[in-house]
Amino acid sequence: MSEWLVLTLAMAAACAVVLTIVVINHRRIPEDDDPSETPDVIEYMTMMIGVIYAIVLGLAIAGVWEARGAAQETVRQEAQAMHEISARVEVYPQAVRERIRADVDAYVRYVVDDEWTYMAENGELSEEGTALLEKVRRSVTDYRPADDFEGQAYQPLVDQVAVADDARGARGQNAGATMPGVVWFGLIIGALVTVGLIFTLQIRRTGRELLLAGLFSVLIAFLLFLIWDFDAPFGRGISATAAPFTDLFPQLTP
């Protein structure tokens with residue numbers, strides 16, 4: 464099922480539940496009830512709870528957005544490191560240069576074509592990708608420079624392999640969901656409490672009040688969906704992409 468269809472159904476369900484409760488609750492209110500008699504302390508508490516939950520939602524959105532940005536940055540660093548390896552081996556003999564570049568291309572092609580999907584489905588890195596990166600490492604470290612010119616390029620190449628390995632490890636740590644379950648519990652309970660407080664103010668069944676209640680519940684559902692979508696940087700709709708690899712290695716794109 465499409466994520467946007469899930470979002471639409473969730474928002475529609477939230478709106479329908481709130482409006483249904485409003486209508487049912489309105490039928491139970493006696494004719495002589497006066498909504499102006501709502502104690503001021505209830506209005507104050509409702510306002511404060513809404514403000515606190517808004518702050519929590521904002522922090523949650525900022526947190527998952529920052530995690531997504533960090534995940535995309537690790538992809539850029541990994542792709543840049545592999546590009547540097549491919550470029551810096553120009554000083555090596557042709558046979559060595561072609562072997563290292565072939566190993567780099569094989570790794571990048573696998574990451575873009577296969578491992579990205581594997582991460583989204585399993586929330587972790589694949590053993591095949593790790594083996595291909597290790598092959599790149601061996602190709603770089605096992606070569607013995609023949610002269611000082613090649614020797615000057617050797618250590619930077621080894622350093623770039625280490626950068627790629629570190630960035631790959633960070634990518635693996637961000638492959639799954641980043642939001643703890645206890646935070647989700649608080650967000651969902653907070654949403655129920657915040658929406659439920661609408662009824663403490665004795666909302667009526669007028670068109671304006673029903674519209675505001677519906678829009679409020681839809682907004683809460685949308686924000687929770689946004690947090691859920693950002694929560695897995697590599698696994699859902701608005702996720703980090705493999706664009707840095709395809710940009711730096713255009714010859715590997717179909």
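Throughout the sequence shown, residue numbering follows our numbering, covering 464 to 717 in sequence. The C-beta atom is built at its ideal place from N, Cα and C for all residues, glycine as well.
Worksheet item: Does the stretch 623-633 come close enough to the stretch 542-553 that 3 or more CB-CB pairs lie under 8 angstroms?
Response: yes
Fill in: Selected residue, minimal CA-CA separation from Asp694, among Leu482, Val527, Leu588
If you number the sequence shown from 1, residue 694 lands on position 231. That would be Val527, whose Cα lies nearest to the Cα of Asp694.
Item to complete: Using the Cα positions of Met510 and Ala517, report the straight-line distance between them to the nearest angstrom.
Response: The residue given as residue 510 occupies position 47 in the sequence shown. The residue given as residue 517 occupies position 54 in the sequence shown. Distance between the alpha carbons of Met510 and Ala517: 11 angstroms.
Discussion item. Output needed for Arg600: all residues of its chain with C-beta closer than 7 angstroms, excluding positions within five of it in sequence on either side, in chain order.
Written reply: As a working mapping, residue 600 is identified with position 137 in the sequence shown. Closer than 7 angstroms at Cβ, skipping near neighbours: Val624.
Fill in: Pro696 in three-state terms, based on DSSP
Within the sequence shown, the letter at position 233 stands for residue 696. Looking at Pro696 - three-state DSSP - the assignment turns out to be coil, as it is neither helix nor strand.
Worksheet item: Does the pairing of the stretch 561-576 with the stretch 667-682 give three or more beta-carbon distances under 8 angstroms?
Response: no
Discussion item. Are the CB atoms of Ala703 and Trp579 within a distance shorter than 7 angstroms?
Written reply: As a first step, residue 579 must be located in the sequence shown, where it is residue number 116. As a first step, residue 703 must be located in the sequence shown, where it is residue number 240. Contact: no.
Fill in: Spatially closest choice to Pro696 from Val538, Arg572, Tyr573, by CA coordinates
Within the sequence shown, residue 696 is the residue found at index 233, counting from 1. Out of Val538, Arg572, Tyr573, Val538 has the C-alpha closest to the C-alpha of Pro696.
Practice prompt. For the stretch 641-686, list the alpha helix (DSSP H) runs that are entirely contained and at least 4 residues long, ordered along the chain.
Written response: 644-659
Discussion item. For a test of the three-state rule: what should DSSP assign to Glu561, helix, strand or coil?
Written reply: One-based indexing of the sequence shown puts residue 561 at position 98. Three-state result, Glu561: helix.
Item to complete: Determine the direct distance from the alpha carbon of Leu711 to that of Ala530, and round the result to whole angstroms.
Response: Within the sequence shown, the letter at position 67 stands for residue 530. Within the sequence shown, the letter at position 248 stands for residue 711. Between Ala530 and Leu711, the C-alpha separation is close to 23 angstroms.
Fill in: Cutoff 8 angstroms; reference Val621; Cβ partners in own chain excluding five residues on either side
The residue you call residue 621 lines up with position 158 of the sequence shown. Within the same chain, Val621 has close Cβ partners Val603, Thr604.
Discussion item. Rounding to the nearest angstrom, what Cα-Cα distance links Gly653 and Val514 in this structure?
Written reply: Indexing the sequence shown from 1 puts residue 653 at position 190. Indexing the sequence shown from 1 puts residue 514 at position 51. Using only the alpha carbons, I get a separation of about 11 angstroms.
Worksheet item: DSSP on Pro619, reduced to helix/strand/coil?
Response: The count along the sequence shown starts at 1 and reaches residue 619 at position 156. Of the three classes helix, strand and coil, the one that applies to Pro619 here is helix, per DSSP.
Worksheet item: Residues in its own chain within less than 7 angstroms of Val469 by CB, not counting five upstream and five downstream?
Response: Here the question's residue 469 lines up with position 6 in the sequence shown. Result list for Val469: empty, nothing under 7 angstroms.
Worksheet item: Taking the continuous alpha helix (DSSP H) assigned at Tyr581, which residues delimit it?
Response: On the sequence shown, residue 581 is found 118 positions in, with the first residue counted as 1. From DSSP, the alpha helix (DSSP H) with Tyr581 extends over 579-585.
Discussion item. In this structure, how does DSSP classify Tyr570 when only helix, strand and coil are distinguished?
Written reply: Residue mapping note: residue 570 aligns to position 107 of the sequence shown, counting from 1. Helix at Tyr570.
Worksheet item: Taking C-beta to C-beta, are Arg560 and Leu715 nearer than 7 angstroms?
Response: Translated into positions along the sequence shown, residue 560 becomes position 97. Translated into positions along the sequence shown, residue 715 becomes position 252. No, the Cβ-Cβ distance between Arg560 and Leu715 is not below 7 angstroms.
Discussion item. Short of 7 angstroms in beta carbon distance, which residues of its chain neighbour Glu591, apart from the five on each side in sequence? Order them along the chain.
Written reply: Stepping through the sequence shown from its first residue, residue 591 is reached at position 128. Taken in chain order, the residues that qualify are Tyr573.
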